[in-house]
Amino acid sequence: MGRGKIVIRRIDNSTSRQVTFSKRRNGLLKKAKELAILCDAEVGVMIFSSTGKLYDFASNRQMMGEELSGLSVKDLQNLENQLEMSLRGVRMKKEQILMDEIQELNQKGNLIHQENVELYKKVNLIRQENTELYKKVYGSSNANGPNRNTFLANGLGVGEDSHVPVHLQLSQPEQQSYETPARATKLG
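First residue of the sequence shown: 8, per the numbering used here; consecutive thereafter.
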């Protein structure tokens with residue numbers, strides 16, 4: 008029993024297409040390596056994915072530092088120049104990628120800094136609003152009076168240091184008894 012024949016056309020499902028590409032690419036590269044080893048042939052394969060990513064294979068063993076014994080000085084010099092050019096290209100690509108990453112991180116840092124500045128302005132605005140509310144509730148002349156302790160006990164404070172964190176708290180309203188003590192004991 009053999010495999011059934013498939014129609015050679017574009018695969019519509021992107022996941023299936025990617026899986027097929029990956030399997031067939033690996034199979035093609037494996038066959039190229041086998042051909043180079045078994046037949047002592049120079050094989051070169053370049054594959055570009057749909058996203059533009061490059062996959063390649065070259066069988067030139069001299070590039071790997073093998074089989075150099077039969078080369079003349081001029082051939083070795085040419086090989087060295089090719090390797091240096093390849094290495095220079097790799098380094099340039101690496102440097103470009105790192106520069107792009109640095110630029111992206113700088114942009115993110117600037118955005119975060121801008122967000123921090125905006126949040127700082129909002130906090131200052133809230134502090135000013137709290138100060139104004141305090142003045143409306145307690146009056147500006149009583150800022151150092153007996154109500155100041157109540158104000159601070161509730162977690163609201165108007166201080167000279169604008170960098171002190173503001174702590175807001177919720178509390179139950181104080182219950183006031185309007186009954187006389189004699190009547191309150193009768194109910195209990």
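Here a beta-carbon is modelled for each residue, glycine too, at the ideal position from N, C-alpha and C. These numbers come from a predicted model, not from an experiment.
Q | Helix, strand or coil at Gly51 [DSSP, three-state] | A | Here DSSP, grouped into helix, strand and coil, assigns Gly51 to strand.
(Q) Can you tell me where the alpha helix (DSSP H) holding Thr63 begins and where it ends? (A) Looking at the sequence itself, residue 63 is Asp, so the reference to Thr does not match. Counting along the chain, Asp63 falls outside any alpha helix (DSSP H), though it belongs to the beta strand (DSSP E) covering Leu61 to Ala65.
Q: Using only alpha-carbon positions, find the residue among Arg10, Lys40, Gly59 and Leu105 that is nearest to Phe28.
A: If we check each option's Cα against that of Phe28, Gly59 comes out closest.
Q. On the three-state DSSP scale, how would you describe Leu118?
A. In the structure shown, Leu118 sits in a helix (DSSP, three-state: H, G or I).
Q. When the distance is taken between beta carbons, is Gly51 closer than 9 Å to Asn67?
A. Result yes, Cβ atoms of Asn67 and Gly51 sit closer than 9 Å.
Q | The alpha helix (DSSP H) enclosing Gly34, as first and last residue numbers | A | It spans Ser21 to Cys46 - the alpha helix (DSSP H) in which Gly34 sits, taken as one unbroken run.
Q | Pair within 9 Å by beta-carbon distance, Phe64 and Lys40 | A | In terms of Cβ geometry, Phe64 and Lys40 form a close pair [threshold 9 Å].
Q: Compare the C-alpha of Ile24 against each of Leu118, Arg10 and Ser56 and name the closest.
A: Correcting the residue identity first, residue 24 is Arg in this sequence and not Ile. The option with the nearest alpha carbon to Arg24 is Ser56.
Q: Give me the Cα-Cα distance between Val124 and Asp19, rounded to the nearest whole angstrom.
A: One Cα belongs to Val124, the other to Asp19, and the distance between them is close to 49 Å.
Q: May I have the straight-line CA-CA distance separating Val14 from Arg95, to the nearest angstrom?
A: Rounded to whole angstroms, the separation of the alpha carbons of Arg95 and Val14 is 44 Å.
Q) Three-state secondary structure (DSSP) at Thr58? A) In this structure, Thr58 counts as coil in the three-state DSSP scheme.
Q: Would you please state the rounded distance, in angstroms, between the beta carbons of Tyr62 and Leu36? I believe it to be under 8 Å.
A: Taking the Cβ atoms as the reference, Tyr62 lies roughly 7 Å from Leu36, within the contact range of under 8 Å.
(Q) Can you tell me whether Lys101 is helix, strand or coil according to DSSP? (A) Note: Lys101 maps to helix in three-state DSSP.
Q.
Quick check on Tyr127: buried or exposed, where buried means 16 or more other Cβ atoms within 10 Å of its Cβ?
A. With a threshold of 16 other beta carbon atoms within 10 Å, Tyr127 falls short and is exposed.
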